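Be aware that the sequence shown starts at 69, since it is given in our numbering, and climbs by one per residue.
Structure first, then comments.
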Amino acid sequence: MVKIITDSTCDLTKERMEEIGVTCVPLTVHIGNDIYLDGVDLSKAEFYEKLRTEKSFPTTAQPTPHTFEEVFTAALEEADEVVCLLISSELSGTVQSANIAKNTMEREEIHILDSRTTCLSLGLLVEIAAQRAKEGKTAAEIMTELEGLTSRVRICAGIETLEYLKKGGRLSGTAAALGTMLNIRPLMGILDGKVLMLGKARGNKKMYAQLKQMVEEEGIDDDYPVLLGHAQSMENYEKFKEACGDLIEGRTQLYGDIGCVVGAHAGPGIVGIAFIKKA
């Protein structure tokens, strides 16, 4: 039996992770003088509320090696092997902490994957890993498949407000004001472990259409599900899902709830889709 472990940046809901038997290691969120465990004592709704009201910009910190030791120990008490999929090492030191814990424990049954992504696309890889574990695949078989997918997993997402890009220093006040006036919606993705701006659209309707077009141009591998998600805007999510229409019809559709890693910089209202690109 293989136990799947991930971190709280995967943006699957707590209920979903419990349903598919995945253990989640929380990152730490710092807001002002307060420190929270992501998803444990700070829900996504509470995070966005604090993002709106607090003056200080939130930051995140990786779990400690000791935390991973505890999680790995507990996992190996109920499973023969562990596959641990984590946020891109380009974005966080979480993979480093996990590897330190593995080396300290000297347990070959622990397999750690730098997913080279985060957010909904990490969530999609976690869903695939959990399904393979359910099918009885070994850790080596799961790792081989996942290693092949890290270069093909994609996320295309749209940002509804420029306010938080400005707050985080990624956009000047002048550019944010002009962009807001023009109803600009930045489009983002993750490639080679880094967050990239892919383009921009004017208004939500065009944002949905351009995101769909980006996915169509990449092409979806029919052997895998798609995962759609949002940040505190079910209305945007439903409209985006409707706009995707024929693109996702007939496919297994999974759900994600975008949290603090992307949300801190992009704010509420984000929508996105994760998928495996055709080989």
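In this text, a Cβ means the ideal position worked out from N, Cα and C, and glycines have one as well.
Just so you know, these numbers come straight off a predicted model, no measurement behind them.
Pick helix, strand or coil for K262, following the three-state DSSP scheme. strand
In terms of DSSP beta bridges, what is K71 paired with? V150
Cβ-based burial, M348 [other Cβ within 10 Å; buried from 16]: Examination of residue 348 is not possible in this model, given that the chain is present from 69 through 347 alone.
What are the partner residues of P336, as DSSP defines its beta bridges? Its beta-bridge partners do not exist; DSSP assigns none.
Three CB pairs or more closer than 8 Å across the segment 115-126 and the segment 155-166: no
Buried or exposed: where does K202 fall if 16 or more other Cβ atoms within 10 Å of its Cβ makes it buried? exposed
Minimum length 3: unbroken beta strand (DSSP E) runs contained in the segment 109-178: 127-129, 149-154
Considering only C-alpha positions, which residue in the set K307, K71, L296, S189 is nearest to T141? K71
Under the rule that 16 or more other beta-carbon atoms within 10 Å means buried, what is T320, buried or exposed? exposed
What separation, rounded to the nearest whole angstrom, lies between the Cα atoms of A277 and R270? 11 Å
Can the beta-carbon of I258 be found less than 8 Å from the beta-carbon of T162? no
Take the Cβ of T212 as the centre, count every other Cβ of all protein chains shown within 10 Å, and call the residue buried at 16 or more, exposed below. exposed
According to DSSP, simplified to helix, strand and coil, what is G89? coil
Just list the residues that DSSP pairs I316 with in beta bridges. According to DSSP, I316 bridges with nothing at all.
Are the beta-carbon atoms belonging to A385 and S189 less than 8 Å from one another? The displayed coordinates of the chain run from 69 to 347. Any statement about residue 385 would go beyond what the structure contains.
Residue(s) in a DSSP beta bridge with I344: V221
Residue(s) in a DSSP beta bridge with P254: K268
Does the distance from the CB of V330 to the CB of C224 come in under 8 Å? no
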